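Chains as they are written, first to last, in my numbering: chain A, 29 to 237; chain B, 29 to 237; chain C, 29 to 237.
Note that the Cβ used here is the ideal one computed from N, Cα and C, for glycine as well.
Please read these numbers as outputs of a predicted model, since none were measured by experiment.
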Amino acid sequence: MSIDVVDIQLLFEILGTGFFAISGALRATRHARPEWFGVTFIGFITAIGGGSLRDMLLGSYPLAWVADPRFLYAILLGIVAARVFYPLLMKLPRTLFLFDTLGIALFTVLGTEKAIGLGIEPAVAAMMGMFSAVMGGVIRDVLTHREPVIFGREIYATACILGAVVYVLLEQLGSSRAVNFCLAGAVIVMIRVAAVRYKLALPTFPSST
Amino acid sequence: MSIDVVDIQLLFEILGTGFFAISGALRATRHARPEWFGVTFIGFITAIGGGSLRDMLLGSYPLAWVADPRFLYAILLGIVAARVFYPLLMKLPRTLFLFDTLGIALFTVLGTEKAIGLGIEPAVAAMMGMFSAVMGGVIRDVLTHREPVIFGREIYATACILGAVVYVLLEQLGSSRAVNFCLAGAVIVMIRVAAVRYKLALPTFPSST
Amino acid sequence: MSIDVVDIQLLFEILGTGFFAISGALRATRHARPEWFGVTFIGFITAIGGGSLRDMLLGSYPLAWVADPRFLYAILLGIVAARVFYPLLMKLPRTLFLFDTLGIALFTVLGTEKAIGLGIEPAVAAMMGMFSAVMGGVIRDVLTHREPVIFGREIYATACILGAVVYVLLEQLGSSRAVNFCLAGAVIVMIRVAAVRYKLALPTFPSST
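Structure representation (C-alpha cells):
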C-alpha cells in the first residue's frame, strides 16, 4: 500500500518533469535561431530547475533526477515529442495552458508534501511548494532574456502559493493525504482557469517609474 | 552568556533580513507595473538570496530561514512596511542608503563569522561574508533585468570584502569576537559613506568595447 | 601512486580554474566601464560556477575551492595575469580559443569522473561533466547581460556532452582511467577545432518567432 503511494508519487513527478520539458522546449523556440542543443538545455533546466532548487534549499539529497535516470529519459522524450508534435502544439494554445496548469499544480503539491515530510514548518513548506512549481520557469526566463513569468500581472505563482496554503491548512486539520493532494491541486487549477477566463489580475503596488 | 550572544546574533540576522526585504521591495517598484506577488517575491529573494547561497556553498544545513519561520515573518512584515511607509521612504533616499549600508555591514560580518566558525580558511571566509551581503541584491538585479549592483563603479561589494578582510585579520590576531564584529562593521559603513560623500570610484580595467 | 593521481587531478583542476578566471576577466572587459572589483568578481564566478553547481547538485561537500584556498589564489593570479598580459591576449584570439577549449575539455572530463566516482548513473554523470564545463560561463553571461554561450549555433556545450558520453562509454567498457581521460578530452578538443575550422553548426529546431 505504502509502496503504491510512493510509486504513484514518482509517476506523477516523472510525468510532470516530462511535461515541463515540453513547455520549456516550446518556449525556447521563440528564440531567433533555436538549435537542438539549446532547446534541449532549456527544456532540461525548466524541468529540473524548480525541484532541484527546492531540494538544494532543503539539503535533501540526492536530488530525484540525479539518483534516477528515468527523469532524464522523460525529459529527452518530452523534447522529442515537442519537436514531433510541434505544428500541432502551436495550434493548441489551450492544450498547452492545460498541461502547464496541471504541471504547476502537481509540482506545488508534491513540493509542499515533501517539505512537510522533512519536518519543515508549514509556512516555509508552502513557499517550497511554490518554488518547486515556478522556479524552473524563472530560470528558463532569465536564461532566455524574457520577463520572468512570475512578474506578469496574470495570477500564476499566486495560484501556487494559495494551493500550497490550502494543502498545509488541510494537513494541520488532520485531513488525509489523498484528499489534501486533490483539493489543493484543484484550487490551483480553478484559480488559474478563473484568472484567465475572467481576466483576473493582482492589485498593483505603487510604481516608482 | 553564550545563549545571549546567539540570541543577539539571531536578532541581528532577522532584523537584517527584514531590512533587505524592504530594500528589495522598493527596488521592485521601479518595474513598470509592479503587482503584489512580484514585489513580495523580489523582496523575499533579496532578503534570503545571499545567506542561502552562502549556506549552500558551505553545505551548512538547515538554512536559517528554512528552519525558523520568523525569518519569513520578518520578510512579510518588511514588505508590508515598505507599502505602508512607501511615500515616506521615497522621500528619504539617505535613510534608505543608511539602512542598506547597515544591512550589508551586518551580513558581511555575520557571514564571515559563520564561515570561520565552520573552520573555513580566512581568505575563503571573507569571500563568503561578502557573498552573504551582496548576492541577494545580485539575484534581485538579474531577475529584474537591471545591471547587477556589483558592477557599478561605486564602491559597494568592495567595501564588504575590505570589511571582511579586517574581520579575519583581527580574528587571526586573537582579538575578541565583539570587537571584530564592531570594527569590521564600522569599516564597511565608513567606506560606503566616504565613497558616496567624496564620490570615490574604483580604478578601471582596460575596456575592450 | 594513488596519491600522484590525486595530485595530478588537483593540479589540473587548479590550472583549469585559473584559466577560466582569465577567460572570465577578459569577457568582463567588454563591459562599458569595467572596474577592478567587477572584473575580479566575474572572473571568480566564471572559474568556480560550473564546479560549484555540479557539487551542489551532487551534494558533494565541501566544494573544492571552499576547502582549499589555492583555488582562490589561482583565480586571483589569473585575473592579475589577464591585466598584465591584456594587450598581448587581445592580439591572440586563437590562443584564447585554445585555452578555453582546453579548459572545457578538462572540466568536462574531471566532472564526469567525479560523478561516476560518487556512483551516479552514466547518463546523469555525463550531464554533470558538461555542467562543470559550461555553467560557469552561463552564469557569467547572465550576470553581464550577454546571450548565454550555450545558445550560439556554434558547437560548444555539445562538444562537452559528446566528450562526456565517450568517457562514460569507455568507462563501461572497462578501459583504464588515464585512457578515458585522454580520449574523451581529445574528442572535445577535436570537435571544437573542427567546428570552428569548418564552420559546423547544429541543426535548428523550428522557430516560433
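Val-162 (chain A) beta carbon less than 8 Å from that of Glu-177 (chain A): As a first step, residue 177 (chain A) must be located in the first sequence, where it is residue number 149. As a first step, residue 162 (chain A) must be located in the first sequence, where it is residue number 134. It is worth fixing the name first, because residue 177 (chain A) is Val in this sequence and not Glu. In contact: Val-177 (chain A) and Val-162 (chain A) (Cβ atoms closer than 8 Å).
Distance between Ile-36 (chain C) and Met-29 (chain C) (C-alpha atoms, nearest Å): Here residue 29 (chain C) is taken as the residue at index 1 of the third sequence, counted from 1. Here residue 36 (chain C) is taken as the residue at index 8 of the third sequence, counted from 1. Because Met-29 (chain C) sits at a pLDDT of 44, beneath the cut-off of 50, its placement in the model cannot be relied upon, and the point is left open.
8 Å Cβ cutoff met for Gly-87 (chain A) and Phe-135 (chain A): For the purposes of this step, residue 87 (chain A) is identified with residue 59 of the first sequence, where counting begins at 1. For the purposes of this step, residue 135 (chain A) is identified with residue 107 of the first sequence, where counting begins at 1. For Gly-87 (chain A) and Phe-135 (chain A), no; Cβs fall outside 8 Å.
Nearest-angstrom Cβ-Cβ length linking Gly-44 (chain B) and Gly-71 (chain B), presumed shorter than 8 Å: Locating residue 44 (chain B) in the second sequence gives position 16, where the first residue counts as 1. Locating residue 71 (chain B) in the second sequence gives position 43, where the first residue counts as 1. Not really, about 13 Å apart at Cβ, beyond 8 Å.
Interfacial residues, the region 78 to 102 of chain C to chain A, with Cβ spacing under 7 Å: Under the 7 Å Cβ criterion, the region 78 to 102 of chain C contributes Met-84, Leu-85, Leu-86, Gly-87.
Check whether Ala-154 (chain B) and Val-215 (chain B) have beta carbons under 8 Å apart: Within the second sequence, the letter at position 126 stands for residue 154 (chain B). Within the second sequence, the letter at position 187 stands for residue 215 (chain B). Going by C-beta atoms, Ala-154 (chain B) is not nearer than 8 Å to Val-215 (chain B).
Sequence-distant residues of the same chain with beta carbon closer than 6 Å to Leu-171 (chain B), five excluded per side: Numbered from 1 along the second sequence, position 143 holds the residue referred to as residue 171 (chain B). For Leu-171 (chain B), where only same-chain residues beyond five positions count, there are no Cβ hits under 6 Å.
Range covered by the alpha helix (DSSP H) that runs through Tyr-9 (chain A): No information on residue 9 (chain A) is available, as it lies outside the stretch 29 to 237 that chain A covers here.
Residues sharing a beta bridge with Thr-232 (chain B), DSSP: In the second sequence, the residue the question calls residue 232 (chain B) occupies position 204. Note: Thr-232 (chain B) sits in a beta bridge opposite C:Glu-63.
Anticipated Cβ contact below 8 Å, Leu-85 (chain A) with Leu-120 (chain B), distance rounded: As a first step, residue 85 (chain A) must be located in the first sequence, where it is residue number 57. As a first step, residue 120 (chain B) must be located in the second sequence, where it is residue number 92. About 34 Å separates the two Cβ atoms, so there is no contact after all.
Check whether Ile-26 (chain A) and Gly-46 (chain A) have beta carbons under 8 Å apart: An answer regarding residue 26 (chain A) cannot be provided, because it is not within the stretch 29 to 237 covered by chain A.
Host alpha helix (DSSP H) of Ile-219 (chain B) (start-end): Here residue 219 (chain B) is taken as the residue at index 191 of the second sequence, counted from 1. Residues 205 to 225.
Enclosing alpha helix (DSSP H) for Val-177 (chain C) [first to last residue]: Translated into positions along the third sequence, residue 177 (chain C) becomes position 149. Note, Val-177 (chain C): premise wrong, no alpha helix (DSSP H); not H, not E.
Residues of the region 214 to 232 of chain B whose Cβ lies closer than 9 Å to any Cβ of chain C, in chain order: Ala-229, Leu-230, Pro-231, Thr-232
Pairwise C-alpha distance: Phe-65 (chain A) and Thr-186 (chain C): Counted from its first residue, the third sequence places residue 186 (chain C) at position 158. Counted from its first residue, the first sequence places residue 65 (chain A) at position 37. Near 7 Å, if we compare the C-alpha coordinates of Phe-65 (chain A) and Thr-186 (chain C).
Chain-ordered neighbours of Arg-111 (chain A) on chain C, where CB pairs are closer than 9 Å: Position 83 of the first sequence holds residue 111 (chain A). Contact note: Arg-111 (chain A) reaches chain C through Phe-233, Pro-234, using a C-beta cutoff of 9 Å and chain order.
Members of the region 41 to 72 of chain B near chain A, C-beta cut-off 7 Å: Thr-57, Arg-58, His-59, Ala-60, Arg-61, Pro-62, Glu-63, Trp-64, Phe-65, Gly-66, Val-67, Phe-69
Which listed residue (A:Leu-38, A:Phe-209, A:Glu-41, A:Ile-73) has its alpha carbon closest to that of Gly-164 (chain A): By 1-based counting over the first sequence, the position of residue 164 (chain A) is 136. Among A:Leu-38, A:Phe-209, A:Glu-41, A:Ile-73, the Cα nearest to that of Gly-164 (chain A) is on A:Ile-73.
Rounded separation between Tyr-226 (chain C) and Leu-138 (chain B) - CA only: Numbered from its first residue, the third sequence carries residue 226 (chain C) at position 198. Numbered from its first residue, the second sequence carries residue 138 (chain B) at position 110. Going from the Cα of Tyr-226 (chain C) to the Cα of Leu-138 (chain B) covers about 53 Å.
Per-residue contacts from Ala-151 (chain A) into chain B (C-beta, under 7 Å): If you number the first sequence from 1, residue 151 (chain A) lands on position 123. Pro-97, Leu-100, listed in chain order.
Ile-148 (chain B), DSSP secondary structure in three states: Mapped onto the second sequence, residue 148 (chain B) falls at position 120. Ile-148 (chain B): coil per DSSP, three-state reduction.
Residues of the region 164 to 176 of chain A with Cβ closer than 7 Å to any Cβ of chain C, in chain order: Against chain C - using a Cβ distance shorter than 7 Å - the residues of the region 164 to 176 of chain A are Val-170, Leu-171.
Of the residues C:Arg-82, C:Val-112, C:Ser-203, the one placed nearest Ile-50 (chain C), counting alpha carbons only: Counted from its first residue, the third sequence places residue 50 (chain C) at position 22. Residue C:Val-112 is the option with its Cα nearest to Ile-50 (chain C).
Residue of B:Thr-140, B:Leu-230, B:Leu-146, B:Val-166 minimising C-alpha distance to Ala-212 (chain B): Numbered from its first residue, the second sequence carries residue 212 (chain B) at position 184. Closest option to Ala-212 (chain B), Cα to Cα, is B:Thr-140.
CA-to-CA distance, Trp-93 (chain C) to Ile-148 (chain B), given in whole angstroms: Residue numbering aside, residue 148 (chain B) sits at position 120 when the second sequence is read from its first letter. Residue numbering aside, residue 93 (chain C) sits at position 65 when the third sequence is read from its first letter. Whole-angstrom Cα-Cα distance: 10 Å.
Distance between Leu-201 (chain C) and Asp-96 (chain A) (C-alpha atoms, nearest Å): Taking the first sequence and counting its residues from 1, one reaches residue 96 (chain A) at position 68. Taking the third sequence and counting its residues from 1, one reaches residue 201 (chain C) at position 173. Roughly 22 Å separates the two Cα atoms.
Proximal residues of chain A, C-beta to C-beta of Ile-148 (chain C) below 7 Å: Your numbering for residue 148 (chain C) matches position 120 in the third sequence. Within 7 Å Cβ-Cβ: Val-94.
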